[in-house]
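So the structure is just underneath, and the comments pick up after that.
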Amino acid sequence: MSVHLEVIKQHLIDPEICIRCNTCEETCPVGAITHDGKNYVVNAELCNLCMACVSPCPTGAIDNWRQIRKDDAYSVDEQYTWEELPKQTTIATSVEQGEAAPKTDEGGGTDGVEGGIEVDTVLGSTLPPWSAARPYVNIYTHKAPITATVVGNYRLTAETSESDVHHIVLDFGQMPFPVLEGQSIAVLPPGATAEGRAHHARQYSIASARDGERRGYNNLSLTVKRVVSDAQGQARGGVCSNYLCDLKKGDTVQVIGPFGSSFLMPNHPNSHLLMICTGTGSAPMRAMTEYRRRRRLKGATGKLMLFFGARTREELPYFGPLMNLPKDFIDVNLAFSRTQGQPKKYVQDLMRERAEEVAGMLRDENTYIYVCGLKGMEEGVLQALADIANQSGQPWEPLWKKLKQLGRLHLETY
Ligand code: NAP
Numbered sequence: 001m002s003v004h005l006e007v008i009k010q011h012l013i014d015p016e017i018c019i020r021c022n023t024c025e026e027t028c029p030v031g032a033i034t035h036d037g038k039n040y041v042v043n044a045e046l047c048n049l050c051m052a053c054v055s056p057c058p059t060g061a062i063d064n065w066r067q068i069r070k071d072d073a074y075s076v077d078e079q080y081t082w083e084e085l086p087k088q089t090t091i092a093t094s095v096e097q098g099e100a101a102p103k104t105d106e107g108g109g110t111d112g113v114e115g116g117i118e119v120d121t122v123l124g125s126t127l128p129p130w131s132a133a134r135p136y137v138n139i140y141t142h143k144a145p146i147t148a149t150v151v152g153n154y155r156l157t158a159e160t161s162e163s164d165v166h167h168i169v170l171d172f173g174q175m176p177f178p179v180l181e182g183q184s185i186a187v188l189p190p191g192a193t194a195e196g197r198a199h200h201a202r203q204y205s206i207a208s209a210r211d212g213e214r215r216g217y218n219n220l221s222l223t224v225k226r227v228v229s230d231a232q233g234q235a236r237g238g239v240c241s242n243y244l245c246d247l248k249k250g251d252t253v254q255v256i257g258p259f260g261s262s263f264l265m266p267n268h269p270n271s272h273l274l275m276i277c278t279g280t281g282s283a284p285m286r287a288m289t290e291y292r293r294r295r296r297l298k299g300a301t302g303k304l305m306l307f308f309g310a311r312t313r314e315e316l317p318y319f320g321p322l323m324n325l326p327k328d329f330i331d332v333n334l335a336f337s338r339t340q341g342q343p344k345k346y347v348q349d350l351m352r353e354r355a356e357e358v359a360g361m362l363r364d365e366n367t368y369i370y371v372c373g374l375k376g377m378e379e380g381v382l383q384a385l386a387d388i389a390n391q392s393g394q395p396w397e398p399l400w401k402k403l404k405q406l407g408r409l410h411l412e413t414y
């Protein structure tokens, strides 16, 4: 007698590739993805295979599937203990012959799923701009990282300020490491956790243009803030940020990546960039601005508008170089939240002050919007965009949908 056993396609995250960036947990519309201090995992009871999390994942760690009997599905607790994914096992043969069980599939999670599913719970685009260059991703992995050499490490913030932000330049020598503005890399910090396990990789946005921090060189830069306390404000040094900020010229670093295939800049010359960032979230904006500055000489004509928030002028990374950029090249708006004697200003406040110009950019089909920085800014910035759009006769809901569908609204917040 044959017994009908339900076979499911269980969605899993590869702990060896995952860089713990939290994108999947934020994207999942049904709350199926959670994490502990070690792994990001998918609850099989909640996951509805909607695929919303798959394309935003910068590494592809999310795109793993195992055919398994429903009763045997890997629990969340079991997944938390994994160092690597289990192999696909043979499913018990009690499933009737001819029954439409899912195909065995270790990598192609998109099988049988319509491309371009519309997921309204996702706040930004999961697609790149149509004219973006094609990115390379995952060239170097945990198992085969690349060694980079530190060729520069400079403090960006004033010595007197509490915030210690560094501009770190890494060189890849003769090894290929192709990147685009908006992509990120991850660093493998040396040493081990208290439990004796290797530290997880830490992700950083690339702050330089595709043709190098120094043009024509095989190098890139990062913007790293030294972490001195945890989320609860207790004194605790960040494992990787302190390691990076303390590096000396000539030191070597283990790097994996590059990552990211949607937070990319448009390449058509008349495209406009509306960039909104806080603190070290300025890294990708610096990369895009620098690339456009270099390309401008070759005829790029689009507008650049930047809203950049920091506590004070002394804490704003790249303040000097930013102020030296020609006014007819980039419209710079700085929001300082803790300048003595002045009212607290956030980027969204300045956007409202410049509502007319922002509305003009929203009206133009060639405008691409980038938001990067603190998680908390996301809501305020989207609300400001919504208000500015609505007040200028551009109903926000359909515009928002269009921006997302056309790869014109990109959010990267932590
Ligand atoms: P920060 O100095 O803590 O904050 C920058 C500014 O944002 C401050 O003026 C702050 O004001 C303001 N702010 C706080 N809440 C806000 C809100 N709800 N809306 C608008 N502005 C708000 O920034 P940070 O420490 O450099 O952190 C930047 C973030 O970017 C981090 O979360 C980091 O993970 C992320 N990031 C970094 C990289 C990278 O490559 N390093 C890349 C992408 C993203 P007050 O504090 O005075 O309220």
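Numbering (full-length UniProt numbering), first residue to last: 1 to 414.
Built from N, CA and C at the ideal position, the CB exists for glycine as well.
* **Backbone secondary structure at Arg-313 - three-state DSSP** => Arg-313 sits in a helix when the DSSP states are folded into three classes.
* Cβ of Thr-413 within 8 Å of Cβ of Gly-373? -> The answer is yes: Cβ separation under 8 Å.
* To do: Would you tell me roughly how many angstroms separate the C-alpha atoms of Gly-309 and Ile-68, rounded to the nearest one?
  => Gly-309 and Ile-68 have their C-alpha atoms spaced approximately 48 Å apart.
* Asked: If we call anything under 8 Å between Cβ atoms a contact, is Val-122 one with Thr-34?
  -> Not in contact: Val-122 and Thr-34 (Cβ atoms no closer than 8 Å).
* Kindly indicate the opening and closing residues of the beta strand (DSSP E) around Asn-64. => Taken as a continuous stretch (DSSP letters only), the beta strand (DSSP E) holding Asn-64 covers 64-69.
* Asked: Would you say the beta carbon of Leu-156 comes nearer than 7 Å to a heavy atom of the ligand NAP?
  -> Not under cutoff, so the answer is no.
* Taking Lys-344 as the reference, which of Leu-362, Ile-369, Val-358, Thr-312 has the closest Cα? -> Here the closest residue by C-alpha is Thr-312.
* Give a yes or no on contact between the segment 143-150 and the segment 240-260, applying the rule of three or more CB pairs nearer than 8 Å. => The segment 143-150 vs the segment 240-260: in contact.
* Indicate the three-state DSSP secondary structure (helix, strand or coil) for Ile-388 in the structure shown. => Note: Ile-388 maps to helix in three-state DSSP.
* To do: Kindly confirm or deny that the segment 122-142 and the segment 263-272 touch, where touching means at least three C-beta pairs closer than 8 Å.
  => Yes: the two stretches touch, three or more of their Cβ pairs being nearer than 8 Å.
* Three-state class that DSSP yields for Phe-263 in the structure shown -> The answer is coil: DSSP assigns Phe-263 none of H, G, I, E or B.
* To do: Put Pro-258 into one of helix, strand or coil per three-state DSSP.
  => Here Pro-258 sits in strand by DSSP.
* **Secondary structure of Ala-207, DSSP reduced to three states** => For Ala-207, the three-state secondary structure derived from DSSP is coil.
* Asked: With a CB to CB cut of under 6 Å and the five nearest residues on each side skipped, what residues in its chain are close to residue 440?
  -> Since the first residue of the chain shown is 1 and the last is 414, residue 440 is not available in this structure.
* Asked: Name the DSSP beta bridge partners of Thr-126, please?
  -> Note: Thr-126 sits in no beta bridge, so no partner.
* Asked: Is any heavy atom in the ligand COA found nearer than 7 Å to the beta carbon of Cys-372?
  -> Absent from the structure shown: the ligand COA. Ligands present: the ligand NAP.
* Is there contact between the segment 78-93 and the segment 50-57, where contact requires at least three CB pairs shorter than 8 Å? -> No: the two stretches stay apart, fewer than three of their Cβ pairs being nearer than 8 Å.
* Asked: Looking at C-alpha atoms only, which residue of Ala-231, Leu-399, Leu-306, Glu-353 is the closest neighbour of Ala-287?
  -> The candidate whose alpha carbon is nearest that of Ala-287 is Leu-306.
* Asked: By Cβ distance below 6 Å, which residues in the same chain neighbour Cys-240 in space, the five residues on each side in sequence not counted?
  -> Val-187, Pro-189, Arg-202, listed in sequence order.
* **N- and C-terminal bounds of the alpha helix (DSSP H) containing Ala-359** => Segment 355-363, the alpha helix (DSSP H) holding Ala-359.
* Assigned secondary structure, Gln-348 (DSSP; H/G/I helix, E/B strand, else coil) -> When DSSP states are grouped into helix, strand and coil, Gln-348 belongs to the helix group.
* Asked: For the ligand NAP, is there a heavy atom less than 7 Å away from the beta-carbon of Tyr-318?
  -> Checking every heavy atom of the ligand NAP against the Cβ of Tyr-318, none is found closer than 7 Å.
* To do: Apply the 10 Å Cβ neighbour rule to Pro-317 and answer buried if 16 or more other Cβ atoms are within range, or exposed otherwise.
  => Answer is buried; the Cβ neighbour count reaches 16.
* To do: Please name the residue in Arg-210, Ser-125, Glu-397 whose C-alpha comes closest to that of Pro-176.
  => Comparing alpha carbon positions, the residue from Arg-210, Ser-125, Glu-397 closest to Pro-176 is Arg-210.
* Would DSSP call Tyr-414 helix, strand or coil? -> Looking at Tyr-414 - three-state DSSP - the assignment turns out to be coil, as it is neither helix nor strand.
* Determine, using beta-carbon pairs with one atom in the segment 229-244 and one in the segment 279-299, whether at least three such pairs fall under 8 Å. => Proximity of the segment 229-244 to the segment 279-299 falls short of the contact definition, fewer than three beta-carbon pairs being nearer than 8 Å.
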